[in-house]
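What the sequence shown shows, in full-length UniProt numbering, is residues 1 to 268, in sequence order. Where is the CB? At the ideal position from N, CA and C, for every residue including glycine. Values in this document were obtained by computation on a predicted structure and should not be read as measured data. Worksheet: the structure to be examined is printed underneath.
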Amino acid sequence: MIEQLRKLGLSELEAKCYLVLHQKSRCSGYEVSKHVSVSRSNVYAALRLLHEKGLCRMLEGDPVLFEAVPIKQVVKLLQSDFDRTARTLVSELEAPPSAPPFFANWKGDKLIRQTIRRLIANAEHSIWVDVWAEDLHQFETALLEAEQRKVSVHLIVMGECHTALQNITIHSIPKGATGSIRHFTLLADNQGALVGSFGADAEKSVLESNHPSIVDLLSNAYRHDVIMLRIEQDFGPELTLKYGEDYQKIKQEHPEIHHYKPSRRSLS
Numbered sequence: 001m002i003e004q005l006r007k008l009g010l011s012e013l014e015a016k017c018y019l020v021l022h023q024k025s026r027c028s029g030y031e032v033s034k035h036v037s038v039s040r041s042n043v044y045a046a047l048r049l050l051h052e053k054g055l056c057r058m059l060e061g062d063p064v065l066f067e068a069v070p071i072k073q074v075v076k077l078l079q080s081d082f083d084r085t086a087r088t089l090v091s092e093l094e095a096p097p098s099a100p101p102f103f104a105n106w107k108g109d110k111l112i113r114q115t116i117r118r119l120i121a122n123a124e125h126s127i128w129v130d131v132w133a134e135d136l137h138q139f140e141t142a143l144l145e146a147e148q149r150k151v152s153v154h155l156i157v158m159g160e161c162h163t164a165l166q167n168i169t170i171h172s173i174p175k176g177a178t179g180s181i182r183h184f185t186l187l188a189d190n191q192g193a194l195v196g197s198f199g200a201d202a203e204k205s206v207l208e209s210n211h212p213s214i215v216d217l218l219s220n221a222y223r224h225d226v227i228m229l230r231i232e233q234d235f236g237p238e239l240t241l242k243y244g245e246d247y248q249k250i251k252q253e254h255p256e257i258h259h260y261k262p263s264r265r266s267l268s
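Right, dumping it as structure tokens:
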């Protein structure tokens, strides 16, 4: 709870003091200091700041008592303030006209997760994700929230998985794939694209772009996979008979791909 309260703008000591007040109801500064094991002067300073931020009440008396404002009231106040600020920003800071397409790299686990959540949170119509089963947890919570917003969410997942998400297509893991580098793609509203990798040998960075060529590339790749997976499901034995195991006859006709070892798909 300390970390969650800090995200509301509280210091660690303020968060600890608020939790004491929440649990103990009315307390003096002395009583609070005993529970947080911090000097009384620092606790009183933190309580004054909580009062100034509207998170605790000061009840006059001898001694002065402090009482937490219920967290539901605090959250509703903060939501109201945030919504008002957001409306002002959106109305006054319009996107520049004809902004050119961009390519942006985000590096590090924290920024990668944040970028994934941002694209999903801002999707209004559709989200297409192509990801390995062991990395689905990086997307799942945000995608479930998107489904609740009535966004159309569809995934191709490499390997078996268990999820509450509604629209999942399972892709078998290719023979010989180690999973040390596990690529993923995300396409939001057919406008924002994200390409990256997870795994021990993967570079901790993702590429974000709205360039039409990248968007079309991801869109076509996703459509291709969906179609081919269905064809293989319905006509697997016939395809193997005509083209050989893993399409070897086609690969022999195209030596440029014959020695290529895909790290993501078996249909390359």
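CB of Y222 within 8 Å of CB of D135, strictly: Contact annotation: Y222 and D135 have beta-carbon atoms that are not nearer than 8 Å.
Environment of R264 [buried if 16+ CB atoms lie within 10 Å]: The predicted model places R264 with a pLDDT of 43, which falls under 50 and marks its position as unreliable; any figure quoted below should be read in that light. Around the C-beta of R264, 16 or more other C-beta atoms lie within 10 Å, and the residue is accordingly described as buried.
Just to confirm my understanding: we take Y30, look at its own chain, exclude 5 residues before and 5 after, and list those with CB closer than 8 Å. What are they? Cβ neighbours of Y30 beyond the five flanking positions: R40 and P63.
Excluding five sequence neighbours on each side, which residues of the same chain lie with their C-beta closer than 6 Å to the C-beta of S33? Excluding five sequence positions before and after S33, the CB atoms of its chain that fall closer than 6 Å to its own CB belong to R40 and V43, given in chain order.
Thinking C-beta only, is W132 closer than 8 Å to G179? Yes, the Cβ-Cβ distance between G179 and W132 is below 8 Å.
By how many angstroms is the C-alpha of G244 removed from the C-alpha of H254? If you take the alpha carbons of H254 and G244, they lie about 14 Å apart.
Which residue or residues does DSSP assign as beta-bridge partners of A177? Per DSSP, none; premise fails for A177.
At 4 residues or longer, and completely inside the segment 94 to 131: list those alpha helix (DSSP H) runs for me, N to C. The qualifying runs are 109 to 122.
Kindly indicate which three-state DSSP category H183 falls into: helix, strand or coil? Three-state DSSP puts H183 in a strand.
Quick one: residues in its chain with C-beta nearer than 8 Å to the C-beta of K204, no 5 flanking neighbours on either side, listed in chain order? Only K107, G108, D109 and I112 meet the Cβ criterion.
Indicate whether L165 and L155 have their beta-carbon atoms separated by less than 8 Å. In this structure, L155 lies closer than 8 Å to L165 by Cβ.
Would you mind working out which of E14, H35 and H224 sits nearest K24, comparing C-alpha positions? The shortest Cα separation from K24 among E14, H35 and H224 belongs to H35.
Does the beta-carbon distance from L55 to A45 come in below 8 Å? Going by C-beta atoms, L55 is not nearer than 8 Å to A45.
F198: which of N190, T185, E208 and V226 sits nearest, CA to CA? For the options N190, T185, E208 and V226, the alpha carbon positioned closest to that of F198 is the one of T185.
Can you list, in chain order, the residues of its chain with a C-beta nearer than 6 Å to that of F103? Leave out the 5 residues immediately preceding and following it. Counting only Cβ-Cβ distances below 6 Å, and skipping sequence neighbours, we find S209.
Can you list the alpha helix (DSSP H) stretches of 4 or more residues lying completely in the UniProt domain "Transcription regulator TrmB N-terminal" (5 to 71), in chain order? List check, alpha helix (DSSP H) in window: 12 to 24, 29 to 36 and 40 to 52.
Candidates H224, L49 and H211: which alpha carbon is nearest A99's? Nearest of H224, L49 and H211 to A99, Cα basis: H211.
Classify Q138: buried if its beta carbon has 16 or more other beta carbons within 10 angstroms, exposed otherwise. Counting other Cβ atoms within 10 Å of its Cβ, Q138 reaches 16 or more and is therefore classed as buried.
Once you ignore the five residues that flank A123 on each side, which residues in its own chain have a CB closer than 7 Å to its CB? Answer for A123: A146, V151, A188 and D189, listed in chain order.
Less than 7 Å between C-beta atoms, sequence neighbours within five positions excluded: which residues of the same chain meet that for W128? The residues are H154, L187 and Y222.
Here's the rule I'm using: 16 or more other beta-carbon atoms within 10 Å means buried, otherwise exposed. How should F235 be labelled? Its Cβ having fewer than 16 others within 10 Å, F235 is exposed.
Which runs of the beta strand (DSSP E) at least 3 residues long sit entirely within the segment 205 to 253? Give them in chain order. Those beta strand (DSSP E) runs which fall completely within the segment 205 to 253 and span 3+ residues are 205 to 209.
Taking its Cβ as the centre, do 16 or more other Cβ atoms sit within 10 Å of V20, making it buried, or is it exposed? The residue is buried, with at least 16 neighbouring Cβ atoms inside 10 Å.
Where H154 sits in the DSSP three-state scheme: DSSP places H154 within a strand segment (E or B) once states are collapsed to three.
For the beta strand (DSSP E) containing A193, list its first residue and its last residue. Residues G192 to F198.
Just to check my reading of the structure: R26 and L65 have Cβ atoms closer than 8 Å, yes? What is that Cβ distance to the nearest angstrom? Confirmed, Cβ separation roughly 4 Å.
Under 8 Å Cβ to Cβ from L59, same chain only, skipping five residues before and after it: list those, please. Cβ neighbours of L59 within its own chain (closer than 8 Å, five residues either side excluded): R26, L65, F66 and E67.
Using DSSP with H/G/I as helix, E/B as strand and the rest coil, what is F137? It should be pointed out that residue 137 corresponds to His in this sequence rather than to Phe. The three-state secondary structure of H137, taken from DSSP, is helix.
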